[in-house]
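Numbering (the numbering used here), first residue to last: 1 to 393.
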Amino acid sequence: MSAFLFVVPPLTGHVNPAVGVAARLTARGHRVAWACADPALVRRLAGADAQVFGCAGPVPGAEGVVRPPDLRGAEALKFLWEWYLLPLADAMAPGVRAAAEAFRPDVVVADQQAFAGALVAERLGLPWATSATTSAEFSGAYDGLPKVAAWLGERLTELRARIGDPSGTADPRSSPHLLLVFSTPELIGPQAPLAPHIHYVGPSLAGRPAGSGFPWERLDQGRAKVLVTLGTANADAGGRFLAECRTALRERADRVQAVIADPGGLLAVPADDKDVLVVPSVPQLPLLERADAVVCHAGHNTVCEALWHGVPLVVAPIRDDQPVVAGQVVDAGAGVRVRFGRVRADRLGAALDTVLTDPVHRAAAARIRTAFRAAGGAQAAAAHLERLAAESR
């Protein structure tokens, strides 16, 4: 039996992939604990019995860490690092160290944006693995942006001096011991790096508590199903886009039924609408089993979960890693890209018609689905972690 400490940021899309891996490890008899600035989030996603060590740190939406919804590009990336990721690492470090000293893990599993996990493990001499919940940084995200890459490197060097081992050299976003990427080269493309310690395991979808309250009885089996979602972190940015989606989908109501996730309550739709179902949240995985297309922001989890089910996409990236992931989808042939800030209902409708009727996109999505399922997901990730623990004894 080994002990694994998962260090995650308080971000749903970063916790969810680790949940399935942790569940597999627990089922195999290992001890698992978590360190996070939002213990309630971890327990909601991983189960009420999850052992969670609380850490200090900003939680998305708190004062001072709310990004303006219209912030894009390099400015959005700089805000993310300066006002969220770096302060989060500094704040989490004491709690992560206390968790490691109390739980005594054999391996620390650090999310690629939970820098405190990697740097504290390095300082304590513990082996650590990276949980790469987005593949953007491994597919040329900073190619052509040397100043941005240099600036990020300088910030991480300064962070290591504060909370890590000053003599260390490893990038805290990418463990030299074990890098688990929740995707495959079939989606990432030819830039996907190859090395003995890098393992592409595909999406990790197991071990999540099921939600309730979704109106399954309102789904019409005679029409194609389209899911529209902008993930959990864009509720304040999507009003115009969701409204255009609603218009485009209503124009196709004779053959398409839409489900729109609207956590911010931005759309006004009758509660008994049979053509466009607007709900605050969706049970995404079971709903994708019935979906024919997905319209989304190109968030890595949503894209991978759709392609796990062989569902083609219309992607409208907003910021951060989303333009890179959207490019992966288009280059792989599994979807069509539109402009989030400017697209209108007619263009959205044309893109939807394409992915719903063009067999090329569905065939590409099916090819990636096959690769994802062969990669092993949470089970493969757990096996790699077990080997790292065994080798480190």
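We treat Cβ as the ideally placed atom computed from N, Cα and C, and that holds for glycine. From a predicted model like this one, the values you see are computed outputs, not experimental measurements.
query                                                                                                                                                                                                           : result
Using 8 Å as the cut-off, can you tell me whether the stretch 290 to 306 makes contact with the stretch 264 to 278, which would need three or more C-beta pairs spanning the two stretches below that distance? : no
Less than 8 Å between the CB atoms is what I'm expecting for R28 and A382, so what's the real figure, rounded?                                                                                                  : 7 Å
Could you tell me the alpha carbon to alpha carbon distance between S392 and V294, rounded to whole angstroms?                                                                                                  : 42 Å
Who does F53 pair with in a DSSP beta bridge?                                                                                                                                                                   : A35
Between A76 and V59, how many whole angstroms is the CB-CB distance? I'm expecting something under 8 Å.                                                                                                         : At roughly 19 Å, the Cβ-Cβ gap does not stay under 8 Å, so A76 and V59 are not in contact.
Measuring CB atoms only, is the stretch 262 to 273 touching the stretch 302 to 316, in the sense that at least three cross pairs come out at less than 8 Å?                                                     : no
Cutting at 6 Å between CB atoms, please list the residues of its own chain near A33, excluding the five before and the five after it.                                                                           : L5, Q51, F103
In its own chain, which residues sit with a C-beta less than 7 Å from the C-beta of C245, not counting the 5 before and 5 after it?                                                                             : V228, I260, V295, L348
Going by CA-CA distance only, name the one from P39, S2, L25, M1 that's closest to T12.                                                                                                                         : P39
When you compare each of A118, L25, V282 to Q379 by their alpha carbons, which one comes out closest?                                                                                                           : L25
Which stretch, first to last residue, makes up the alpha helix (DSSP H) that contains A23?                                                                                                                      : 12 to 27
On the DSSP letters alone, give me the boundaries of the alpha helix (DSSP H) that G377 sits inside.                                                                                                            : 377 to 392
Go ahead and pull the three-state DSSP assignment for H199.                                                                                                                                                     : strand
For a test of the three-state rule: what should DSSP assign to G333, helix, strand or coil?                                                                                                                     : coil
Which class does D353 belong to by DSSP, given the choice of helix, strand or coil?                                                                                                                             : helix
Quick test of your reading: Q112 and A132, contact by CB under 8 Å. State the CB separation rounded to the nearest angstrom.                                                                                    : 5 Å
According to DSSP, is I318 helix, strand or coil?                                                                                                                                                               : coil
Going by DSSP in three states, L194 sits in which element: helix, strand or coil?                                                                                                                               : coil
At the level of alpha carbons, what is the spacing between G207 and A22?                                                                                                                                        : For G207, the predicted model reports a pLDDT of 49, less than 50, meaning its position is unreliable; a value from the coordinates is still stated below. Distance between the alpha carbons of G207 and A22 is about 8 Å.
Classify K147: buried if its beta carbon has 16 or more other beta carbons within 10 angstroms, exposed otherwise.                                                                                              : exposed
What residues in its chain sit with their C-beta under 8 Å from that of A375, if we drop five residues either side in the sequence?                                                                             : T184, Y200, V201, G202
Give the straight-line distance between the Cα atoms of A334 and D106, rounded to the nearest whole angstrom.                                                                                                   : 40 Å
Considering only the alpha carbon of each residue, which of A99, G213, I188 lies closest to D331?                                                                                                               : I188
Report the rounded CA-to-CA distance for L124 versus Q257, giving the unit in angstroms.                                                                                                                        : 54 Å
Over the uninterrupted alpha helix (DSSP H) stretch that includes T302, give me the two end residues.                                                                                                           : 300 to 308
Could you check which residue in R223, E137, G239 has the C-alpha nearest to that of D254?                                                                                                                      : R223
Distance check for D49 and P283, CA to CA, integer angstroms please.                                                                                                                                            : 21 Å
Assuming E122 contacts A170 (C-beta within less than 8 Å), just tell me the rounded distance between them.                                                                                                      : 7 Å
Can you grab the Cα-Cα spacing for the pair P87 / D273, in whole Å?                                                                                                                                             : 44 Å
Keeping to the same chain, check which residues put their C-beta closer than 6 Å to that of R321; ignore five residues upstream and five downstream.                                                            : Note that residue 321 is Asp in the sequence shown, not Arg. Answer for D321: T134, A136, listed in chain order.
Near E251, what residues of its chain come up, given a Cβ to Cβ distance below 8 Å and the 5 sequence neighbours on each side ignored?                                                                          : A345, G349
Short of 6 Å in beta carbon distance, which residues of its chain neighbour A114, apart from the five on each side in sequence? Order them along the chain.                                                     : V7, V8, P9
Flag this pair as yes or no: are the beta carbons of L219 and L242 separated by less than 8 Å?                                                                                                                  : no
Confirm, please, whether the CB-CB distance from S167 to W128 is below 8 Å.                                                                                                                                     : no
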